[in-house]
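Below is one structure, written out as structure tokens, with a few remarks after it.
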Amino acid sequence: MHVWLPLAAMALVAWSLQRLLSKIALKTLTTAKFYLLSATISLFVYLPYLLFHPPAASELLPALGLACLMAVTFWVTTEAIRRGPLGVVSPVTALSPALTAALAIGLIGERPGWLAYAGIAIAPAGVALLSAPGGKTDVEKPGWMALAIASLVLQGLGAFVAKLVVTPAGPSALLLMGAGVQVLVGLALAPPWRWTLQELSGRPALYTVFAYSIAGIATIGYLSALASGPAAVVVPLVSTSPALAGILGVVLLKERLRRRQLAGLLVALVGAALLAGEG
77 MHVWLPLAAM ALVAWSLQRL LSKIALKTLT TAKFYLLSAT ISLFVYLPYL
127 LFHPPAASEL LPALGLACLM AVTFWVTTEA IRRGPLGVVS PVTALSPALT
177 AALAIGLIGE RPGWLAYAGI AIAPAGVALL SAPGGKTDVE KPGWMALAIA
227 SLVLQGLGAF VAKLVVTPAG PSALLLMGAG VQVLVGLALA PPWRWTLQEL
277 SGRPALYTVF AYSIAGIATI GYLSALASGP AAVVVPLVST SPALAGILGV
327 VLLKERLRRR QLAGLLVALV GAALLAGEG
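According to my numbering, the stretch in the sequence shown is residues 77 to 355, in order.
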């Protein structure tokens, strides 16, 4: 088994849980406050890794460019999750690996095995089934589908650029610049004087702390896997986390999905299994 596979699998599970807890927290916290809190937590989680693996100065500028793209992507994805049903928004955004895999195969010449090609084809098909209109869900706010599609494109492009930026140096520069940019943007959008003590001590804040402590560790694993493994396999494998998040949304948040969407969950997970088999 390649060393990058367990790292990618860890990110898959952690990000599934993160999306569920984020949906719960966003029922109380605004997107701006959630954005700042999650970025601050991530930065603290990254610090021990950065102390042992400091980035080189030459890596910071390209990482800064990608970090700005990541900051926009995070905002768009968070707002889509806040406005729409988790069981639909998450699977729509999970179509992004098809774009990443196509770029990796077409532009940098990656040639995964036949299992990976099958997984690349099957996982997005399952996600497409999941994104079909479902039954009644929580009250939805306008624009969530447009935001979900924008997130899809931004994530697909960002993951491909991340492959170029983190290889072969490792993820340190991207971790530092990514979290740093998000903290600065978050401070501008939700400065400290707009917060109340209840917002920092209530359950939404605790959910955010727990979710992004785990997700921060998973991000280190994901970027490390991306640095050493093929993007055409790593990205589609990890991106099936929205399918798991969709299951959690149905089971724990009581969101309703049609049979076609439930079938999509199974198809997406079969795609993940094929990608894991390639590893």
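Positions of the beta carbon are idealized from the N, C-alpha and C atoms, including for glycine.
Excluding its 5 nearest sequence neighbours in each direction, K239 has C-beta neighbours in its own chain below 6 angstroms: L302 and A307, listed in chain order. With a cutoff of 8 angstroms on beta-carbon distance, L145 and G234 are scored as near each other. Under the three-state reduction of DSSP, P82 is assigned to helix. Counting only unbroken stretches of 3 or more residues, no beta strand (DSSP E) element lies wholly within the stretch 239-281. By alpha-carbon distance to G141, the top candidate from V346, M253, T295 and Y111 is M253. A direct Cα-to-Cα measurement between W80 and G305 gives close to 6 angstroms.
Closest in C-alpha terms to F128, from the list A264, A101 and P247, comes P247.
Just so you know, the alpha carbons of Q274 and A266 end up roughly 15 angstroms apart.
Excluding five sequence positions before and after L83, the CB atoms of its chain that fall closer than 6 angstroms to its own CB belong to G297, S300 and A301, given in chain order.
Remark: C-beta atoms of V311 and P124 do not approach each other more closely than 8 angstroms.
Taking C-alpha positions only, Y193 is separated from Q231 by approximately 20 angstroms.
By alpha-carbon distance to L136, the top candidate from E155, I225, G256 and W220 is G256.
When the Cα atoms are used, A156 and A147 turn out to be separated by approximately 14 angstroms. Cβ atoms of A177 and L250 stay farther apart than 8 angstroms, at about 20 angstroms. Taking 8 angstroms as the cut-off, the beta carbon of Y288 is found no closer than this to the beta carbon of I100. If one requires a minimum length of 4 residues, the alpha helix (DSSP H) runs lying completely within the stretch 113-179 are 133-159 and 162-169, in chain order. With contacts defined by Cβ atoms closer than 8 angstroms, G160 and A224 form a contacting pair. Here L313 carries a helix assignment [DSSP, helix/strand/coil]. Take P188, set aside five residues on each side of it, and the residues of its chain with a beta-carbon closer than 7 angstroms to its own are P306, A308, V309 and E354, in chain order.
Rounded to whole angstroms, V121 and R270 show a C-alpha spacing of 24 angstroms.
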